[in-house]
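Contents: one structure, followed by commentary.
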């Protein structure tokens with residue numbers, strides 16, 4: 033549903049980027065810069081700026097794939113895209129721990145742990161699925177195999193936005209999202225058990 037709303041405007045914007053000569057990898061790098069700048073703004077206590085920079089970065093994160101589909105999809109592009117996502121996802125909890133260590137550090141560490149576990153199941157499943165020649169387009173055309181879960185990219189951005197809008201609620205929001213990530217990881221382990229046995 034969300035893809036049907038997001039993809040058409042991204043495709044139009046991608047066409048303009050292609051005409052300007054912007055490559056998908058350049059957009060990935062720019063999106064990562066916005067993401068790191070967002071985390072830096074959070075660490076400095078400017079949550080409104082952090083939210084605006086995150087929005088720009090996430091637009092870039094969707095735009096790079098749209099440009100790649102109009103030009104040329106590469107393994108390097110897929111690699112850079114997923115690594116950039118993980119860098120950004122890790123930078124935001126770290127920034128909240130930095131801005132208020134006494135209130136946020138434990139919740140940030142819990143969230144980072146859940147990201148680590150969830151990311152491991154995501155990448156391990158994608159690796160084995162790729163070796164077996166499995167493919168899916170349920171999340172759009174991707175460079176690696178994407179599995180569904182309770183906590184995915186849109187949910188992550190939604191929770192990050194809530195954290196920036198209500199920074200004092202970060203510990204509670206972080207723990208809630210940590211649980212969602214761990215449920216997603218567990219469901220992916222069960223899926224792997226059924227699929228790869």
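Numbering (the working numbering), first residue to last: 33 to 229.
Note that the Cβ used here is the ideal one computed from N, Cα and C, for glycine as well.
Give me the Cα-Cα distance between residue i and residue j, rounded to the nearest whole angstrom.
| i | j | result |
| --- | --- | --- |
| residue 211 | residue 218 | 10 Å |
| residue 96 | residue 109 | 9 Å |
| residue 199 | residue 118 | 22 Å |
| residue 38 | residue 47 | 15 Å |
| residue 151 | residue 105 | 23 Å |
| residue 233 | residue 185 | Any question about residue 233 goes unanswered here, given that the chain covers just 33 to 229. |
| residue 164 | residue 214 | 26 Å |
| residue 62 | residue 107 | 19 Å |
| residue 188 | residue 121 | 8 Å |
| residue 139 | residue 146 | 11 Å |
| residue 40 | residue 98 | 10 Å |
| residue 159 | residue 228 | 12 Å |
| residue 203 | residue 53 | 43 Å |
| residue 86 | residue 148 | 21 Å |
| residue 33 | residue 71 | Any reading at residue 33 must be qualified, since the residue scores a pLDDT of 49, below 50, and its modelled position is unreliable; the value itself is stated next. One C-alpha to the other measures close to 29 Å. |
| residue 136 | residue 226 | 38 Å |
| residue 208 | residue 161 | 29 Å |
| residue 154 | residue 76 | 32 Å |
| residue 131 | residue 193 | 16 Å |
At which residues does the alpha helix (DSSP H) containing residue i begin and terminate?
| i | result |
| --- | --- |
| residue 76 | Per DSSP, residue 76 belongs to no alpha helix (DSSP H) and is neither H nor E. |
| residue 187 | 185 to 197 |
| residue 222 | 202 to 228 |
Quick check on the burial criterion: 16 or more other C-beta atoms within 10 angstroms. Buried or exposed for residue i?
| i | result |
| --- | --- |
| residue 201 | exposed |
| residue 51 | exposed |
| residue 125 | buried |
| residue 197 | exposed |
| residue 222 | exposed |
### Query
Enumerated in chain order, which unbroken segments of the alpha helix (DSSP H) with a length of 4 residues or greater are wholly contained in the stretch 97 to 138?
For secondary structure counted as the alpha helix (DSSP H) over 4 or more consecutive residues, the stretch 97 to 138 holds these complete runs in sequence order: 107 to 131.
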